[in-house]
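Using my numbering, read the sequence shown as starting at 646 and increasing by one per residue.
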Amino acid sequence: MRHFIPGPAGRLDAISWLPKDGVAPRAAAVVCHPHPVFGGTMDNNVAFRVARGLQSAGLAVLRFNFRGAGDSEGEHDGNGAEEQDVVAALDHLEREFPGLPLWGAGFSFGARTVGALALREPRMRRLLLVALPSKAYDCTFIRALTQPTHVLLAGNDEFGTPDDFHERIGALTSHFEIDVVPDVDHFFRGRTPELERRVRAWAERSLAEP
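Take a look at the structure:
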């Protein structure tokens with residue numbers, strides 16, 4: 646369902662999905678898209694596949710356009726204000742699904758934004774960071790994350806390969822899980838069905854944990 650949610654810089658264009666076949670959701674996730682300055686929107690194929698993988702695992706999923714992207718109001722900030730758009734999305738999920746665990750997921754710029762917000766947003770109980778651009782931006786802040794975090798990397802990512810990630814981020818504690826789709830670029834071209842399967846498998850494992 647396409648709709649709008651209230652945001653700090655105006656209304657945000659959004660799409661909500663429930664699990665298929667009338668299954669009651671077991672958690673609710675916000676999925677954030679890549680950099681809007683370079684054409685990123687919630688309709689990006691990787692963001693779509695991430696959302697579908699989560700939906701298939703039994704989550705309610707909200708994708709939205711950051712301020713100034715698509716039909717969302719406001720203007721791109723790029724200095725952290727987009728994190729408040731994610732807060733607005735979490736607020737919406739909390740209203741719609743009271744009592745459900747909230748998860749945060751993002752691709753590229755969206756992963757960086759979700760990860761940075763998660764440092765001070767305990768409502769996000771689990772994190773999925775896809776193609777975190779560790780070579781293009783300083784992403785060392787993720788070392789301080791306390792939530793169970795799944796990092797899904799692209800083997801030939803021009804914005805941060807797995808080697809770049811390990812060199813810049815260093816050793817991580819046991820609540821981080823690193824997964825790599827080999828021989829694929831930043832956008833997982835030709836491998837997005839595999840990306841979706843990996844997201845679903847991780848989500849199903851996570852839901853099965855106590």
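Even glycine gets a Cβ: it sits at the ideal position worked out from N, Cα and C.
Locate the beta strand (DSSP E) running through residue i, then write down its first and last residues.
| i | result |
| --- | --- |
| T627 | Since the first and last residues shown for the chain are 646 and 855, residue 627 lies out of range. |
| V668 | Per DSSP, V668 belongs to no beta strand (DSSP E) and is neither H nor E. |
Sort out for me which residues DSSP pairs residue i with in a bridge.
| i | result |
| --- | --- |
| F709 | A659 |
| L798 | V825 |
| V675 | L707, G749 |
| H648 | A659 |
| P664 | DSSP output for P664 lists no bridge partner at all. |
| P653 | G655 |
Let me confirm a value: residue i is counted as buried when at least 16 other C-beta atoms fall within 10 Å, else exposed. Which label applies?
| i | result |
| --- | --- |
| T641 | Since the first and last residues shown for the chain are 646 and 855, residue 641 lies out of range. |
| M687 | buried |
| T837 | buried |
| D808 | exposed |
| T794 | buried |
| M646 | exposed |
| H648 | exposed |
| D716 | exposed |
| E727 | buried |
| D828 | exposed |
| G751 | buried |
| R843 | buried |
From what residue to what residue does the alpha helix (DSSP H) around residue i run?
| i | result |
| --- | --- |
| F786 | Looking at the DSSP string, F786 is not in any alpha helix (DSSP H), and its letter there is neither H nor E. |
| R834 | Neither: R834 is in no alpha helix (DSSP H) and is coded neither H nor E. |
| H820 | Premise fails: H820 is in no alpha helix (DSSP H) and is neither H nor E. |
At 4 residues or longer, what runs of the alpha helix (DSSP H) sit wholly inside the stretch 721-778? Listed in chain order, they are 727-741, 754-763.
For the stretch 746-753 against the stretch 672-680, are there 3 or more C-beta pairs whose distance is under 8 Å? Between the stretch 746-753 and the stretch 672-680 there are three or more C-beta pairs closer than 8 Å, enough to call the two in contact.
Hey, is the stretch 780-791 in contact with the stretch 706-722, meaning 3+ C-beta pairs nearer than 8 Å? At 8 Å Cβ cutoff, the stretches do not touch.
Three or more C-beta pairs closer than 8 Å, one from the stretch 648-668 and one from the stretch 808-825: is that the case here? The count of Cβ pairs closer than 8 Å, one atom from the stretch 648-668 and one from the stretch 808-825, stays below three, leaving the stretches out of contact.
Report yes or no: do the stretch 690-699 and the stretch 819-837 share at least 3 C-beta pairs separated by less than 8 Å? yes
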